[in-house]
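Here's the structure, in structure tokens; my notes come after.
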Amino acid sequence: MTEEGGFRIDGLLPKKKRSHNVVIKMDKIWKSFKIGSRRVKVLKNIDLSIYSGEFAIIFGPSGCGKSTLLHTMLGLERPDKGRVFLRGKSLYRMREDKRSYWRREKVGMVFQQSNWIKALTVLENVSYPLLLVESDKKKIRDRALEMLKWVGMDWTADKKPTELSGGEQQRVALARALVTDPSVIFCDEPTGNLDSKNGKNLMKILINLNRGEERKVVVMVTHDGAFLPFANRRIYMQDGKVTKEERG
Ligand SMILES: Nc1ncnc2c1ncn2[C@@H]1O[C@H](COP(=O)(O)OP(=O)(O)OP(=O)(O)O)[C@@H](O)[C@H]1O
Ligand SMILES: [Mg+2]
0 MTEEGGFRID GLLPKKKRSH NVVIKMDKIW KSFKIGSRRV KVLKNIDLSI YSGEFAIIFG
60 PSGCGKSTLL HTMLGLERPD KGRVFLRGKS LYRMREDKRS YWRREKVGMV FQQSNWIKAL
120 TVLENVSYPL LLVESDKKKI RDRALEMLKW VGMDWTADKK PTELSGGEQQ RVALARALVT
180 DPSVIFCDEP TGNLDSKNGK NLMKILINLN RGEERKVVVM VTHDGAFLPF ANRRIYMQDG
240 KVTKEERG
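Here's what the structure looks like:
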């Protein structure tokens, strides 16, 4: 923690030249849900690409389909029509084990609702994604602690996640998303439960991940317009469609 009680934020590193490789491409995506006897269209012909180096915010009102879009991008929600490409490979044509490998090792996700394993401590929850990819217990513990430290939450290691405040849980959720060192981070309303100071601190961490040495791709969903200036790509959604895109 810093003296002001905020996060340890390393100085922003100089920007590297942006490359324009497509990381994820959504091609004419349609998705509907059956609610009772009705079928509700949630994503309506979405064409969208995410490029390396980007900090993208997907912005739109509650219910417009942002979380569904993110889950479809992640391989968690199969679209009715259209394709999702991951570095050129069709995500839903991959075998399930390859798709889950990608999710497990290449992406980090902070979900809108935190999904803790309630019987485990904070440290154990953050360690959990590593159990599938690493067997050395000391390495797992050191890495999980390093990530908790990075978000200023190492002091909660032995607590239960549900004992923490909403904002503290969001930071721990970010540590858990980062523990496998993914190249792409997805965050669904990560600042949803936070007051504006904590919200800004979390944004600083995300910006640092994007601009730092590793240049991680960050895709963040929000309905809070105050965060739009932090992104270098803004994708506006309304009623299941992308209505506008901005860069810079
Ligand atoms: N699994 C599901 N089954 C049925 N309907 C669903 C399901 N998931 C989402 N929906 C519906 O799809 C619509 C879009 O939901 P979604 O969660 O994607 O919106 P959102 O933009 O993320 O909203 P918020 O900002 O409130 O999180 C809503 O009307 C929701 O009720
Ligand atoms: Mg949502």
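FYI, numbering that gives the first Met the number 0 numbers position 193 of the sequence shown as 192, with every residue one higher than the one before it. C-beta: ideal position from N, C-alpha, C; glycine also. Everything numeric in this text was worked out from a predicted model, so none of it was measured.
- Here DSSP, grouped into helix, strand and coil, assigns GLY107 to strand.
- No Cβ-Cβ contact shorter than 9 Å links LYS88 with ILE28.
- Note: PHE32 is bridge-paired with VAL39 in the DSSP secondary-structure output.
- Counting along the chain, the unbroken alpha helix (DSSP H) around GLU167 starts and ends at 165-177.
- Taking C-beta atoms as the reference points, LEU193 and PHE229 fail to come closer than 9 Å.
- Around the C-beta of ILE139, 16 or more other C-beta atoms lie within 10 Å, and the residue is accordingly described as buried.
- Counting along the chain, LEU208 sits inside the alpha helix (DSSP H) bounded by residues 195-210.
- Set against 8 Å, the gap from the CB of MET219 to the closest heavy atom of ligand 1 is not smaller.
- Apart from the 5 residues on each side of it in sequence, ASP153 sits with its Cβ closer than 7 Å to the Cβ of LEU144, LEU147 in its chain, given in chain order.
- Taking a 10 Å sphere around the C-beta of ALA172, we find 16 or more other C-beta atoms and assign the residue as buried.
- Under the 8 Å Cβ criterion, the region 153-162 does not count as touching the region 184-193, having fewer than three qualifying pairs.
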